[in-house]
Structure formats: structure tokens, C-alpha cells
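S.K.: The sequence shown runs 1 to 107 under UniProt numbering. Even for Gly, the Cβ is constructed at its ideal location relative to N, Cα and C. Dropping a structure here in C-alpha cells format, bear with me for questions.
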Amino acid sequence: MGITKTQIFTERQNDLAQFFKVLGHPARVAILQYISNQNACICNDLVEEIGLAQATISQHLKELKSIGLLNGEIEGKSMNYCINVERWTAIQNELNLFFNTTKSNCC
């Protein structure tokens, strides 16, 4: 087998691609928006707010955690989630750099 295609791209390009891939689902965008407006969030709150099954919400939360956007903390039988501010800021900086250095030279 040959090398994976991701190996021919820079780490920054792969990180941005993974970020966009994870945010490519509207439920994940809605989850981030909801959590960012709360101090903390319990998964059951998201079920009521977003309107998806708990298993589906959990899968979306897992994907958001996989790129470091969320921190999770067990409290009793529930899991509280909040935005990982350090990672959020780092991604914001990467996106700003990406958009500010990409030229708009279309016809």
C-alpha cells in the first residue's frame, strides 16, 4: 500500500481540514453555539435543546472533543461540557491566518 494522502500535506493543512470536517455537520455547530452560551452543559440539556437522541448527541460531542474544542468533566452520573478556550483561541488564530493570507484573485 502507498502512503496516506494526508502525509503529503502540512500539519497545519491537516489540522484545518480536520477542524472543517468535524464542523461539517450542522448539529455540531448548534452544539457549539449552545455550549458557548452556557457556563457548563449536561448532555441531557442538549437532547432537549437540539432535539436529537442522546446517543446521537454523545457521538457529536465525541467528535468535537476529538479535535479539542470541548472539555468534559464527570459530575455524578452526568458529563458537563464546556468550550476549551485555549484550543478555541488557537483555531480562531489559525483561521484568521488562513483567511488573511489567502488571496482573493478570482476573475
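1) Count Cβ pairs between the segment 39-55 and the segment 8-26 that sit closer than 8 Å; are there 3 or more?
2) Pull up the distance between the alpha-carbon of Glu-73 and that of Ile-91, whole angstroms please.
3) Counting only the same chain and skipping the five closest in sequence on each side, list residues whose C-beta sits under 8 Å from that of Asn-37.
4) Measure the alpha-carbon distance for Arg-87 versus Leu-69 and round it to whole angstroms.
5) Name the two residues that bound the continuous beta strand (DSSP E) containing Ile-74.
M.R.: According to the structure shown:
1) no
2) 22 Å
3) none
4) 6 Å
5) 70-75
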